[in-house]
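2 protein chains.
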Amino acid sequence: MPISHTTTFSISELASEFDVTTRSIRFYEDQQLLFPTRRGQTRVYSAQDRVRLKLILRGKRLGFSLAETRELFALWDETPTGSMKQLRLLMAKIEEKKTALEQQLNDIAMLQLELDSAETRCREAMNELTATT
Amino acid sequence: MPISHTTTFSISELASEFDVTTRSIRFYEDQQLLFPTRRGQTRVYSAQDRVRLKLILRGKRLGFSLAETRELFALWDETPTGSMKQLRLLMAKIEEKKTALEQQLNDIAMLQLELDSAETRCREAMNELTATT
DNA sequence: GCGGAAGTTTACGTAAACGTAAAGTAAGTA
DNA sequence: TACTTACTTTACGTTTACGTAAACTTCCGC
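Set out below in structure tokens:
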């Protein structure tokens with residue numbers, strides 16, 4: 001059901017665009033990660049919701065739990081309008097995430113080296129087989 | 134029980150070194166990711182096992198399931214001594230992992246930008262509060 | 001030789017992230 | 001009007017990755 005298309009989407013549009021099930025999308029709503037409006041019973045998703053869904057899936061690719069992603073949304077949403085104490089806490093969370101990402105970058109770099117090595121060995125083995133020795 | 138220490142480790146040594154529970158380590162064995170030898174009943178871990186454990190944990194940080202990590206181990210182990218067909222399959226798997234890692238790098242880069250932005254906003258908010266305006 | 005620490009197996013429990021079936025509604029269409 | 005299609009809620013089932021308790025065995029120090 002392609003919705004009015006000013007800037008809104010149906011659940012199946014999003015599902016097929018991002019290749020997830022409607023079940024998943026509803027589950028993300030259940031977990032307070034998405035907040036579509038309703039036209040009667042039917043869910044109507046805004047462009048913002050679409051972005052959020054994209055971010056959720058990105059989070060998954062990085063191994064984040066839905067809870068963690070929700071935390072990140074909180075970081076992003078909280079237009080920093082809190083007390084000094086809250087702001088310090090927010091900064092701490094941000095730094096924490098940043099160091100975790102640094103760690104991930106390291107991990108990925110190592111894995112890439114190993115895969116490259118495996119690739120080389122594989123290539124050599126293929127050459128052995130091809131060679132007319 | 135610090136074992137003979139030529140190059141072997143007890144389960145609790147590994148557990149405390151990597152800050153995981155012994156339960157987890159035993160579970161990884163159950164899932165065919167580790168293969169400690171036995172001294173009587175007791176598990177004895179080699180340096181190789183230790184490396185594997187480290188790799189398992191790295192995998193977890195990258196969001197890999199234990200099954201995926203086991204697959205990676207297979208890639209690594211299979212000293213490429215198979216048929217051409219098998220080698221091509223191996224190469225395909227390696228490429229697949231590599232592109233997945235590229236995707237992850239992209240994802241991380243994006244997230245880093247967003248976190249930097251959040252950090253900036255946070256700093257500005259703190260300055261607002263501090264300023265004697 | 002006895003208590004405590006560290007190891008073991010067996011087995012049931014649990015949280016996260018959905019899958020899947022059941023049963024119903026609402027809109028468009030032949 | 002009947003049929004199809006897309007959407008909905010409710011609710012139980014499933015997989016992964018362990019946690020946790022129970023009930024041993026082994027070894028070490030005193």
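Going down the list, the sequences are from chains W and P. The first sequence: position 91 = 91 (this note's numbering), numbered continuously. Every position in the second sequence, counted from 1, becomes a number in this note's numbering once 133 is added. In this text, a Cβ means the ideal position worked out from N, Cα and C, and glycines have one as well.
Spell out whether any CB of chain P is found under 7 Å from the CB atom of Gln-104 (chain W). yes
Residue burial classification, Gly-173 (chain P) (beta-carbon count within 10 angstroms, cutoff 16): exposed
Buried versus exposed, by CB contacts within 10 Å (16 or more), Ser-149 (chain P): exposed
Cβ of Leu-57 (chain W) within 7 Å of any chain P Cβ: no
Short CB-CB distance (under 7 Å) between Gly-173 (chain P) and chain W: no
At what residues does the beta strand (DSSP E) containing Thr-170 (chain P) begin and finish? 170 to 172
Would you say Glu-119 (chain W) faces chain P, with C-beta separation under 7 Å as the test? yes
By a C-beta neighbour count over all protein chains shown, 10 Å radius and 16 as the cutoff for buried, is Ala-131 (chain W) buried or exposed? exposed
Can you list, in chain order, the stretches of the alpha helix (DSSP H) that have 4 or more residues and sit fully within the region 179 to 206 of chain P? 180 to 194
Taking Cβ positions, are Leu-34 (chain W) and Arg-52 (chain W) nearer each other than 7 Å? yes
For Arg-141 (chain P), three-class secondary structure by DSSP: The question names Arg, but residue 141 (chain P) in the sequence shown is Thr. In the structure shown, Thr-141 (chain P) sits in coil (DSSP, three-state: anything other than H, G, I, E or B).
Hey, quick one: how far does the alpha helix (DSSP H) through Thr-114 (chain P) stretch, first residue to last? Lying outside 134 to 266, the shown extent of chain P, residue 114 (chain P) is not represented and no answer is given.
Counting beta carbon pairs with one atom in the region 115 to 125 of chain W and one in the region 150 to 163 of chain P, are three or more of them shorter than 8 Å? no
Between Thr-202 (chain P) and Ile-189 (chain P), how many whole angstroms is the CB-CB distance? I'm expecting something under 8 Å. 6 Å
Given 8 Å, three or more beta-carbon pairs between the region 216 to 225 of chain P and the region 97 to 104 of chain W: no
With Asp-107 (chain W) and Arg-191 (chain P) assumed to form a contact (beta carbons below 8 Å), what rounded beta-carbon distance in angstroms separates them? 5 Å
Out of W:Asp-49, W:Met-110, W:Leu-129, which has the shortest C-alpha to C-alpha gap to Leu-14 (chain W)? W:Asp-49
Would you list the residues sitting across from Thr-175 (chain P) in a DSSP beta bridge? P:Arg-172
Please report the straight-line C-alpha distance between Gln-32 (chain W) and Thr-42 (chain W), rounded to a whole angstrom. 17 Å
Kindly indicate which three-state DSSP category Glu-78 (chain W) falls into: helix, strand or coil? coil
State buried or exposed for Thr-141 (chain P), treating a residue as buried only when at least 16 other CB atoms are found within 10 Å of its CB. buried
Does the distance from the CB of Met-126 (chain W) to the CB of Leu-238 (chain P) come in under 7 Å? no
Neighbour flag for Ala-264 (chain P) against chain W, beta carbons, 7 Å: no
Evaluate Glu-257 (chain P) with the Cβ neighbour count: other Cβ atoms within 10 Å of its Cβ, from every protein chain shown; 16 or more gives buried, anything less gives exposed. exposed
Among W:Lys-60, W:Glu-71, W:Gln-112, W:Leu-66, nearest to Asp-30 (chain W) - alpha-carbon criterion: W:Leu-66
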